[in-house]
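Peer 1: Respectively, the protein sequence lines represent chains A and B. The letter at position 30 of the first sequence is residue 161 when you use this note's numbering, and the numbering goes up by one with no holes. The letter at position 186 of the second sequence is residue 317 when you use this note's numbering, and the numbering goes up by one with no holes. Questions regarding the structure given below will be posed in turn.
There are 2 protein chains.
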Amino acid sequence: MGIKERREKAKDNLRQEIFDAASELFAKEGIANVSMRKIAEKIEYSPTTIYLYFKDKTTLLHQICEETFAKLAIEVTKIREETNDPLEILRGGMKAYIEFGLKHPNHYEVVFIAPLDSYIDEGFEYSFDNSMGKIAFEKLVESVVGCVEAGVIKNGDIELISQTLWAGMHGLTSLLIGHTEFPFVEKERLIESLIKTMIKGLQD
Amino acid sequence: MGIKERREKAKDNLRQEIFDAASELFAKEGIANVSMRKIAEKIEYSPTTIYLYFKDKTTLLHQICEETFAKLAIEVTKIREETNDPLEILRGGMKAYIEFGLKHPNHYEVVFIAPLDSYIDEGFEYSFDNSMGKIAFEKLVESVVGCVEAGVIKNGDIELISQTLWAGMHGLTSLLIGHTEFPFVEKERLIESLIKTMIKGLQD
DNA sequence: TGATTTAACTTAACGGCGTTAAGTAATTTT
DNA sequence: AAAATTACTTAACGCCGTTAAGTTAAATCA
């Protein structure tokens, strides 16, 4: 069945071509400036061809983001190779999260900022379960557990603590990405300040 | 010049009619589901009439949001009437901010979540200066100053502290508004946790 | 080998959008 | 009475995501 295989590979190739073209356009121009028609033009196929490989625009964008966020999950765990200090692991993970968002603002936007109405209403079944975002969040939870077990942050509801930390990280990340009109103090100081403040707030 | 006045009043009336219709649609359906055409249909004028009273959709939406956020600035200062404890004022202001966002999710979205590309690129000159959002932020800064002067949070860069707090508040608000797919712990506990953690983190 | 099915892709179209240009009808001014 | 202004509309432009109905070439089957 060599022929069928070759066929399927060719199909995969075009799928990948679409994926890559969309990914590049998207990262470069942002969600608002990418249309199915532009993606099609870039790969020199008709717009409808895309629908043979991806259900719709939302699905395509989310798959692109999932790929990117798989890298976040990896990045966040890398810190464990550098230190065993649970507090340093937590701190490093938070920093990695924020910097990852700043490095991939358009991906961060689609997954964590945009989806107020955009995706929910029109029957798009995005489950945080099964998503790379969830895996990344679980890494955060693990870091929190590590800190609690080591006694470096005070005991309490792990979920509550993790979500509190996530809220802080997300707030800073999304503000820095989206609100260039605001006169923020130096980015690095702000990141430091948020991480430091929150972790200190969790110690006793 | 009674005639001209009457004319101008009539014009103001239609302007207000548009404003109110848009406001209601917007608060009810969210930004993604409001179009100029729908607003026009609601007031029973042609879509182009709106452009005689508002420059474009973005401007209209922002004016609606400004009106709403004027109320936030008021709400945030109300706490001062209830207590003189600077820490309570800060805490209360933070709580008011978050709850205001949850009460007006669509307005919060336009001003503080959406504008990644939406408004910046196409020559929309939104200055945070002159905005109600800025006034509300200044109230936060005042509360921080009050706490530092009373010695209840440790001395430091006021802007840095205020922006750190804002980031945390914004993060929680925007996550609670936009991410219904995530299994958050009880909302009230989460709000309490964030406020408590951040303020504790600022004390020494 | 010739007929038929299937796969891969395109053209045309639908119904939406924000916005602008040109037109109309009524009112006001001269 | 004529000219100018005001308040509005109709028609259109160029986008958008998406679907239905072809089309063409290759693969399968008789």
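Glycine included, every Cβ here is placed at the ideal spot set by N, Cα and C.
From which residue to which residue does the alpha helix (DSSP H) around residue 290/B run?
Peer 2: 289 to 309
Peer 1: Taking the CB atoms as reference points, tell me whether residue 302/B and residue 298/A lie closer together than 7 Å.
Peer 2: yes
Peer 1: Please state the DSSP three-state secondary structure of residue 163/B.
Peer 2: helix
Peer 1: Check whether the Cβ atoms of residue 192/B and residue 185/B sit closer than 7 Å, and answer yes or no.
Peer 2: no
Peer 1: Secondary structure at residue 325/B, three-state DSSP: helix, strand or coil?
Peer 2: helix
Peer 1: In the DSSP assignment, find the alpha helix (DSSP H) that holds residue 237/A and state where it starts and stops.
Peer 2: 236 to 239
Peer 1: With a threshold of 6 Å (Cβ to nearest heavy atom), would residue 186/A be considered close to the ligand MN?
Peer 2: By its list of ligands, the structure shown contains no ligand whatsoever, and the ligand MN lies outside what it can speak to.
Peer 1: Tell me whether the segment 276 to 286 of chain A and the segment 209 to 220 of chain A touch, counting them as touching only if at least three CB pairs, one residue from each stretch, are closer than 8 Å.
Peer 2: yes
Peer 1: Decide if residue 240/B is buried, meaning its Cβ has at least 16 other Cβ atoms within 10 Å, or exposed.
Peer 2: buried
Peer 1: Using a Cβ-Cβ cut-off of 7 Å, state whether residue 232/A counts as contacting chain B.
Peer 2: no
Peer 1: Would you identify the three-state DSSP class for residue 243/B, choosing helix, strand or coil?
Peer 2: helix
Peer 1: Please classify residue 212/A as buried or exposed, where buried requires at least 16 other C-beta atoms within 10 Å of its C-beta.
Peer 2: exposed
Peer 1: What is the DSSP secondary structure of residue 261/B, counted as helix, strand or coil?
Peer 2: coil
Peer 1: Quick check on residue 183/A: buried or exposed, where buried means 16 or more other Cβ atoms within 10 Å of its Cβ?
Peer 2: exposed
Peer 1: Can you name the start and end residues of the alpha helix (DSSP H) that residue 183/B belongs to?
Peer 2: Residue 183/B: not part of any alpha helix (DSSP H); DSSP gives it neither H nor E.
Peer 1: Taking the straight line between their C-alpha atoms, what separation do you get for residue 321/A and residue 272/B?
Peer 2: 15 Å
Peer 1: Whose C-alpha, out of 209/A, 233/A and 234/A, is nearest the C-alpha of residue 222/A?
Peer 2: 209/A
Peer 1: If I measure Cβ to Cβ from residue 306/A and keep anything under 8 Å in the same chain, skipping five residues before and after, which residues do I get?
Peer 2: 313 and 315
Peer 1: Confirm, please, whether the CB-CB distance from residue 329/A to residue 229/A is below 7 Å.
Peer 2: no
Peer 1: The alpha helix (DSSP H) spanning residue 195/B covers which residue range?
Peer 2: 188 to 209
Peer 1: Which of the three DSSP states is assigned to residue 312/A in this structure?
Peer 2: coil
Peer 1: In three-state terms, what does DSSP make of residue 334/B?
Peer 2: coil
Peer 1: Given a threshold of 16 other Cβ atoms within 10 Å of its Cβ, counted over all protein chains shown, does residue 236/A qualify as buried or as exposed?
Peer 2: By the beta-carbon neighbour count (other beta carbons within 10 angstroms, threshold 16), residue 236/A is buried.
Peer 1: Whose Cβ in chain A lies nearer than 8 Å to the Cβ of residue 313/B?
Peer 2: 259
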